[in-house]
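**Student:** According to this note's numbering, the sequence shown is numbered sequentially starting from 47. Heads up, the beta-carbon is just placed ideally off N, CA and C, and yes, glycines get one too. Model, not experiment: these values are computed from the prediction. One structure, as structure tokens, below. Some questions next.
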Amino acid sequence: MTYPGFQIMRRLTYFIPAALLVLLASGCQPAASSSNEIVIGHFGSMTGSEATFGQSTDNGIKLAVDEINEAGGIDGKKVRLITYDDKGDAREAGTAVTRLTTKDGVAAVLGEVASGLSLAGAPVCQESGIPMISPSSTNPKVTEIGDMIFRVCFIDPFQGSVCAKFAREHEGLKAGKAAILTDQASPYSVGLQEEFEKAFEKLGGKVVSKQTYQGGDQDFSAQLTAIRSSEPDIIFVPGYYTDVGNVALQARKLGLATPMLGGDGWDSSKLGEIAGGAIDGCFYSNHYSHEDPNPRVQEFIKKYSERHQQTPDGLAALGYDAARILFEAIRRAKSTEGKTLAAELAKTKDFDGVTGKISIDGDRNAIKSAVILEMKDGKPKYVTTIQPGA
Ligand code: PHE
47 MTYPGFQIMR RLTYFIPAAL LVLLASGCQP AASSSNEIVI GHFGSMTGSE ATFGQSTDNG
107 IKLAVDEINE AGGIDGKKVR LITYDDKGDA REAGTAVTRL TTKDGVAAVL GEVASGLSLA
167 GAPVCQESGI PMISPSSTNP KVTEIGDMIF RVCFIDPFQG SVCAKFAREH EGLKAGKAAI
227 LTDQASPYSV GLQEEFEKAF EKLGGKVVSK QTYQGGDQDF SAQLTAIRSS EPDIIFVPGY
287 YTDVGNVALQ ARKLGLATPM LGGDGWDSSK LGEIAGGAID GCFYSNHYSH EDPNPRVQEF
347 IKKYSERHQQ TPDGLAALGY DAARILFEAI RRAKSTEGKT LAAELAKTKD FDGVTGKISI
407 DGDRNAIKSA VILEMKDGKP KYVTTIQPGA
């Protein structure tokens, strides 16, 4: 009874379980860095109420990856990006970074946007000796985690003072009294609120009402009513775009027409979509303006919008800059070994980024200017640039 079909069947019954075992043993993971490729990781909120943060950052990183690969890679090695969605959740962020560093064999990790999530991922990178670059987390504590943790954006002591100075000095605002509405569950919001308050009072302003909420809250009427009776000239709302949009809608419904001011957390095309006209005439500080005439910026916008059919926001620009700074450091280091790579990242100086000239300082932060944007017809319009130390 040995006809050929049976022979093949018999071989297959041995072969299939063996192949399955091999797959299982490898955890079904894509092969870790083989000698002809460099694997990098990204963890970000691809879904959830801050979904545009992760999506824009990923789009910016992907553009940088495609460009370097089209140009032949880094010393002949192609770059491969692995992205995990952390859903805007701290526990998911920790798990994603653990997977990138222990299973996927990444040379470095890019992410997160939200400071609270970078604070969850950074200790994992620090312990495993794999460099992490946050494109956009501005809370000072992120890089204080250790010498493996970098960022390519400014930090909130600067951003808070930029907002305070603008509130006090901008023609048409000249705010004397500020109310503040803080997301008490967000390290970003709490930190930026403190910095704004300090700077605003130092410049002679007075904080007349301090209210809090929790990210995801739907009803802000109690806080907004209290704010209304404190008669502020400005309402500082250092939150993320979905909450800010809802706050603006409800404020206007309560007849509270006071202009609002916030930080980079407002930066999303969704802000105008959620709030519509309710957010017009409000201001926020940011890392980049798509109206910047600098050819470097306009060239990036052209390439990005051809590929992604939308105008890049600040996160796309920062993701692109972070990836390119990483590639440059790998090239200079001629190695993807963690300590060697971190040492090269630390030497980054005058990198000509889309978000400005980037130099990494001794605390692994970047010192850069900020822009103020005003919402008009649901879109951010450039108002002014504020230099560090101004
Ligand atoms: N700076 C914010 C944070 O640290 C994140 C952010 C950056 C959001 C830039 C939008 C644009 O949490």
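In the structure shown, what three-state DSSP assignment does Q75 receive?
**Tutor:** Residue 75 sits at position 29 when you count from the first residue of the sequence shown. The predicted position of Q75 is uncertain, since its pLDDT is 43 and thus under 50; a value taken from the coordinates is nonetheless stated next. In the structure shown, Q75 sits in coil (DSSP, three-state: anything other than H, G, I, E or B).
**Student:** Rounded to a whole number of angstroms, what is the C-alpha to C-alpha distance between L270 and K149?
**Tutor:** Reading the sequence shown from its first residue, position 224 is the one you call residue 270. Reading the sequence shown from its first residue, position 103 is the one you call residue 149. Computed Cα separation, rounded: 48 Å.
**Student:** With burial defined as no fewer than 16 other Cβ atoms inside 10 Å of the residue's Cβ, what is the status of T357: buried or exposed?
**Tutor:** Here residue 357 refers to the residue found at position 311 when the sequence shown is read from its first residue. When all chains shown are included, T357 counts as exposed.
**Student:** Would you mind giving the Cβ-Cβ distance between I176 and A154, rounded to the nearest angstrom? I have them listed as a contact below 8 Å.
**Tutor:** Taking the first residue of the sequence shown as position 1, residue 176 is located at position 130. Taking the first residue of the sequence shown as position 1, residue 154 is located at position 108. About 6 Å; that satisfies the 8 Å criterion.
**Student:** I need the DSSP call for S180, collapsed to helix, strand or coil.
**Tutor:** For this step, residue 180 is matched to residue 134 along the sequence shown. Of the three classes helix, strand and coil, the one that applies to S180 here is strand, per DSSP.
**Student:** Within 8 Å, do at least three Cβ pairs link the region 186-203 to the region 233-248?
**Tutor:** Counting Cβ pairs under 8 Å, three or more are found: they touch.
**Student:** How big is the Cα-Cα spacing for L69 and Y334?
**Tutor:** Position 23 of the sequence shown, counted from the first residue, corresponds to residue 69. Position 288 of the sequence shown, counted from the first residue, corresponds to residue 334. Confidence in L69 is poor, its pLDDT being 41 and thus under 50, which makes the residue's placement unreliable; the coordinate value appears in the next sentence. Near 45 Å, if we compare the C-alpha coordinates of Y334 and L69.
**Student:** Helix, strand or coil, according to DSSP, for R197 in the structure here?
**Tutor:** Within the sequence shown, the letter at position 151 stands for residue 197. Correct three-state label for R197: strand.
**Student:** By DSSP, does E420 sit in helix, in strand, or in coil?
**Tutor:** To locate residue 420, count along the sequence shown from 1; it is residue 374. E420: strand per DSSP, three-state reduction.
**Student:** So which of P278, V290, T184, V293 has the shortest CA-CA distance to E241?
**Tutor:** If you number the sequence shown from 1, residue 241 lands on position 195. Answer by Cα proximity: T184.
**Student:** Tell me which residues share the same chain as E390 and place their Cβ nearer than 6 Å to its Cβ, disregarding the 5 neighbours each side in the sequence.
**Tutor:** As a working mapping, residue 390 is identified with position 344 in the sequence shown. Around E390: A375, R378, A379.
**Student:** Can you give me the C-alpha to C-alpha distance between K403 and K299, rounded to a whole angstrom?
**Tutor:** By 1-based counting over the sequence shown, the position of residue 403 is 357. By 1-based counting over the sequence shown, the position of residue 299 is 253. About 42 Å.
**Student:** So I325 packs on G365, CB below 8 Å; how close in whole Å?
**Tutor:** Here the question's residue 325 lines up with position 279 in the sequence shown. Here the question's residue 365 lines up with position 319 in the sequence shown. Not confirmed; about 24 Å, so no contact.
**Student:** Could you have a look at L307 and say whether DSSP puts it in helix, strand or coil?
**Tutor:** Taking the first residue of the sequence shown as position 1, residue 307 is located at position 261. Strand, per DSSP.
**Student:** Our contact map puts G140 next to A160 with C-beta atoms below 8 Å; I'd like the distance itself, whole angstroms only.
**Tutor:** In the sequence shown, counting from the first residue as 1, residue 140 sits at position 94. In the sequence shown, counting from the first residue as 1, residue 160 sits at position 114. So it is not a contact: roughly 13 Å between Cβ atoms.
**Student:** Can you name, in chain order, every residue of its own chain whose Cβ lies under 6 Å from the Cβ of K223, other than the five neighbours on each side?
**Tutor:** Here the question's residue 223 lines up with position 177 in the sequence shown. Once the five neighbours on either side are set aside, the close Cβ partners of K223 are K252, V254, P278, D279.
**Student:** Determine the closest residue to Q172 out of K425, G399, A416, G384, with distance taken between C-alpha atoms.
**Tutor:** Taking the first residue of the sequence shown as position 1, residue 172 is located at position 126. Among K425, G399, A416, G384, the Cα nearest to that of Q172 is on G384.
**Student:** Any idea which residues DSSP pairs P426 with across the strands?
**Tutor:** Your numbering for residue 426 matches position 380 in the sequence shown. In DSSP, P426 forms a bridge with M421.
**Student:** For I273, which residues does DSSP report across the bridge?
**Tutor:** Translated into the one-based positions of the sequence shown, residue 273 becomes position 227. DSSP lists no partner for I273.
**Student:** Let me confirm a value: D423 is counted as buried when at least 16 other C-beta atoms fall within 10 Å, else exposed. Which label applies?
**Tutor:** Your numbering for residue 423 matches position 377 in the sequence shown. When all chains shown are included, D423 counts as exposed.
**Student:** In the DSSP assignment, find the beta strand (DSSP E) that holds V400 and state where it starts and stops.
**Tutor:** Here the question's residue 400 lines up with position 354 in the sequence shown. Note, V400: premise wrong, no beta strand (DSSP E); not H, not E.
**Student:** Considering only the alpha carbon of each residue, which of G134, S102, K316, F246 lies closest to A368?
**Tutor:** For the purposes of this step, residue 368 is taken as residue 322 along the sequence shown, with counting starting at 1. If we check each option's Cα against that of A368, S102 comes out closest.
**Student:** Please tell me whether, using a cut-off of 7 Å, the distance from the CB of G175 to the nearest non-hydrogen atom of the ligand PHE is below it.
**Tutor:** Position 129 of the sequence shown, counted from the first residue, corresponds to residue 175. No.
**Student:** If you reduce the DSSP assignment to three classes, tell me which class L67 lands in.
**Tutor:** To locate residue 67, count along the sequence shown from 1; it is residue 21. Because L67 sits at a pLDDT of 43, beneath the cut-off of 50, its placement in the model cannot be relied upon, and the following sentence gives the value as read from the coordinates. Of the three classes helix, strand and coil, the one that applies to L67 here is helix, per DSSP.
**Student:** Between S182 and the ligand PHE, is the CB less than 7 Å from at least one heavy atom?
**Tutor:** Position 136 of the sequence shown, counting from 1, holds the residue named residue 182. Yes, the beta carbon of S182 sits closer than 7 Å to at least one heavy atom of the ligand PHE.
**Student:** Round the Cβ separation of L127 and I107 to the nearest angstrom and send it over; I've been treating them as touching at under 8 Å.
**Tutor:** The residue labelled residue 127 in the question sits at position 81 within the sequence shown. The residue labelled residue 107 in the question sits at position 61 within the sequence shown. At roughly 6 Å, the Cβ-Cβ gap stays under 8 Å, so L127 and I107 are in contact.
**Student:** Going by C-alpha distance, which of L419, R410, P434 is nearest P186?
**Tutor:** Position 140 of the sequence shown holds residue 186. That would be R410, whose Cα lies nearest to the Cα of P186.
**Student:** Please name the residue in S275, E243, D289, E247 whose C-alpha comes closest to that of Y259.
**Tutor:** Here residue 259 corresponds to residue number 213 of the sequence shown, with the count starting at 1. Comparing Cα-Cα distances from Y259 to each of S275, E243, D289, E247, the minimum goes to D289.
**Student:** Buried or exposed for A294, please, with buried defined as at least 16 other CB atoms from any protein chain shown within 10 angstroms of its CB.
**Tutor:** The residue given as residue 294 occupies position 248 in the sequence shown. Buried: at least 16 other Cβ atoms inside 10 Å.
**Student:** Where does R126 sit, in a helix, a strand or coil, going by DSSP?
**Tutor:** Taking the first residue of the sequence shown as 1, we reach residue 126 at position 80. Strand, per DSSP.
**Student:** Using only CA atoms, which one of T382, G94, L307 lies nearest to L419?
**Tutor:** Translated into the one-based positions of the sequence shown, residue 419 becomes position 373. Per the Cα distances, L307.
**Student:** Assuming the contact rule is C-beta atoms closer than 8 Å, G119 and V125 should be a hit. Round their C-beta distance to whole Å, please.
**Tutor:** Against the sequence shown, residue 119 aligns to sequence position 73. Against the sequence shown, residue 125 aligns to sequence position 79. Indeed, because the Cβ distance is near 6 Å, the residues count as touching under 8 Å.
**Student:** What are the boundary residues of the alpha helix (DSSP H) that includes G106?
**Tutor:** Position 60 of the sequence shown, counted from the start, is the residue given in the question as residue 106. Start and end: 97-116.
**Student:** Is it right to say R197 is buried, meaning 16 or more other beta carbons lie within 10 angstroms of its own, or is it exposed?
**Tutor:** Counting from one through the sequence shown, the residue named residue 197 turns up at place 151. Counting Cβ neighbours within 10 Å, R197 comes out buried, since at least 16 surround it.
**Student:** Using CA atoms only, rank isn't needed, just tell me which of E217, G301, Y286 is closest to D310.
**Tutor:** Walking along the sequence shown from the start, residue 310 turns up at place 264. Per the Cα distances, Y286.
**Student:** Does the beta-carbon of H336, which I'm using as the reference point, lie nearer than 7 Å to any heavy atom of the ligand PHE?
**Tutor:** Here residue 336 refers to the residue found at position 290 of the sequence shown. Not under cutoff, so the answer is no.
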